[in-house]
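Some notes on the structure that comes next.
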Amino acid sequence: MKLPAIFAASAIVTLGAAATIHQTSMADTSAPSADVAANETLPEGESPNGEAGPASAVEDDAPPLPAPVPAEFAEWIIKASGECEGVTPGQIAAQLFAESTFRVDAVSYANAQGPAQFTPETWEAWGTDADGDGVKDPFSIPDSVMAQAKYMCHNLESVEQAIHDGKAEGDAVDLALASYNAGFGAILRFGGMPSGGDYTTQTQPYVEKIRDLEQAFNAYFEARV
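Here the sequence shown stands for residues -19 to -1, 1 to 206, where the numbers follow mature numbering (1 follows the signal peptide of the UniProt record, and there is no 0).
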């Protein structure tokens, strides 16, 4: 499938795909978003984000090797991968592809914004002015990609600590991605990968899709070296 063209940042696109569950209030790490209700009915293909998560714009029949990363993203993805160990260029690219297919103007039904699909609440906590223009802009490629990496590194550190303390089991990267989608509180509640309801239909496929695409994207970046 050919990647969508990058639209002008001033346009607003409402994604008809899954908004992530994650990025609830930073003060709440013990429970998933209040928007994740057991009996909640969502539009087909959408996930229950409430507060600040990315919205998946990848169709189910997306190819295992998507089109090349847009040049505007490539340098920032490489830079972002240096934020911490465990975060690779392929993972960041795969996550961006899963979130917005690299659309700079993407907006989900839950108001998750930009390429990395941060909602305003979580952007307030994790937004960064990576390009030094004096504005923390979720629609800015540098700002959003670097914020994504910082948030993923935070999730990874939190998950690794939980595993060390015996509060969670599983692959640390998988759980960090699940935290990005469903919130770290869900990891603690389930002692690992959340399951049941929207966690099974949204969070787990989200993690699997990114891990499946990660290898192909890593190969793409390795070929650029």
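Don't be surprised by glycine CBs; every beta carbon is placed ideally from N, CA and C.
Item to check | Presumed contact (8 Å Cβ cut-off) between P70 and F198, rounded CB distance | outcome: 7 Å
Next on the checklist: Between which residues of its own chain and P186 is the CB-CB distance below 6 Å, once the five residues before and five after are set aside?
Outcome noted: none
Checklist entry - For K60, which of Y90, A130, A87, G115 has the nearest alpha-carbon? => result A130
Item to check | At least three beta-carbon pairs within less than 8 Å, the region 114 to 131 to the region 142 to 159 | outcome: no
Checklist entry - Does the Cβ of D146 have 16 or more other Cβ atoms within 10 Å, making it buried, or fewer, making it exposed? => result Looking at its Cβ environment, which holds fewer than 16 other Cβ atoms inside 10 Å, D146 is exposed.
Checklist entry - Which residues in the same chain as residue 207 place their Cβ atom closer than 8 Å to its Cβ, once the five residues preceding and following it in sequence are excluded? => result Past the boundaries of the shown model lies residue 207; the chain is included only from -19 to 206, so the question cannot be answered.
Checklist entry - P96 and S62 look like a contact to me (Cβ under 8 Å); what is the Cβ gap, rounded to whole Å? => result Not a contact, Cβ separation roughly 15 Å.
Checklist entry - Can you name the start and end residues of the alpha helix (DSSP H) that V126 belongs to? => result Looking at the DSSP string, the run of the alpha helix (DSSP H) that includes V126 is 122 to 145.
Checklist entry - Is F83 helix, strand or coil when you go by DSSP? => result DSSP places F83 outside both helix and strand once states are collapsed to three, so it counts as coil.
Checklist entry - Among the residues of its own chain, which have a CB less than 7 Å from the CB of E25, if the five just before and after it don't count? => result With a pLDDT of 32 at E25, under the threshold of 50, the predicted position of this residue should be treated as unreliable, though the coordinate-derived value follows. Correct list: empty, nothing qualifies.
Checklist entry - Since F99 sits in a beta bridge, which residues does DSSP pair it with? => result Q94
Next on the checklist: Taking 7 Å as the limit between beta carbons, can you name the residues of its chain near A143, skipping five residues before and five after?
Outcome noted: A149, I168, L169
Checklist entry - Is T181 buried or exposed, if buried means 16 or more other CB atoms sit within 10 Å of its CB? => result That one is exposed.
Next on the checklist: Tell me the rounded alpha-carbon separation between A204 and C134.
Outcome noted: Put simply, the backbone Cα of A204 is about 25 Å away from that of C134.
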